[in-house]
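Here is the structure we will look at, set down as structure tokens.
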């Protein structure tokens, strides 16, 4: 992220940092009105213990009535419907294709997320384990971390969350 660009475009001071999500309370020494964890980032943590540790750490960094916004894939839907892939993202004028494949490993309770990026002259593949965090479990972890006002949506437009059909799970908690 380019701090100068963010500051000028948003009209507010932005302090982007890069690092381990679990170390935020040790790295930051001020309180914030808002924190967000979007782009399915939360499920890169190892499991519910680490997720709760992260949520508790964020809660400690928020002012009273400060908000946390979380966006992840709806894993209730992924697991129930045994979804193996998400729609391919394609940018035809650039010759780019981005494939996202899921394989659920019940033995370790992880989704192995394989990405294949096709660009002219190159194919890049990667696979990482993701924790399939269910909506009810996320709400419980938020409550355990001190959040009391928890709103759950199916997208950023605040559509009603449907376990069986929403593609995303968006949560606003304070």
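Residue numbers (our numbering): 28 to 201.
Beta carbons are placed, not taken as given, at the ideal position from N, Cα and C, and that holds for glycine.
Note that this is a predicted model, so its numbers are computed, not measured.
Point to revise | Minimum C-alpha distance to residue 195 - residue among 113, 41, 85 | key: Looking up residue 195 in the chain shown gives position 168. When only C-alpha atoms are compared, the closest one is 113.
Point to revise | Touching by the beta-carbon criterion (3+ pairs, under 8 Å), the segment 178–192 and the segment 102–113 | key: Touching, yes, given that three or more Cβ pairs across the two stretches are closer than 8 Å.
Point to revise | Complete runs of the beta strand (DSSP E) confined to the segment 55–93 [at least 3 residues] | key: Within the segment 55–93, the runs of beta strand (DSSP E) at least 3 residues long that lie entirely inside it are, in chain order, 59–64.
Review point. For the candidate residues 98, 158, 65, 148, whose alpha-carbon lies nearest to that of residue 73?
Key: In the chain shown, the residue the question calls residue 73 occupies position 46. The candidate whose alpha carbon is nearest that of residue 73 is 158.
Exercise for review: Please list, in chain order, all residues of the same chain as residue 129 whose beta carbon is under 7 Å from its beta carbon, the five residues on each side excluded.
Suggested key: Within the chain shown, residue 129 is the residue found at index 102, counting from 1. Here the set comprises 105, 110, 111, 112, 138, 140.
**Study point:** residue 129 in three-state terms, based on DSSP
**Key:** Mapped onto the chain shown, residue 129 falls at position 102. Three-state DSSP puts residue 129 in a strand.
Exercise for review: Since I believe residue 45 is in contact with residue 66 (beta carbons under 8 Å), could you give me their beta-carbon distance rounded to a whole number of angstroms?
Suggested key: For the purposes of this step, residue 66 is taken as the residue at position 39 of the chain shown. For the purposes of this step, residue 45 is taken as the residue at position 18 of the chain shown. In fact, because the Cβ distance is near 14 Å, the residues do not count as touching under 8 Å.
Practice item. Could you please give the first and the last residue of the uninterrupted beta strand (DSSP E) stretch that includes residue 178? Key: Looking up residue 178 in the chain shown gives position 151. Element bounds for residue 178: 177–180.
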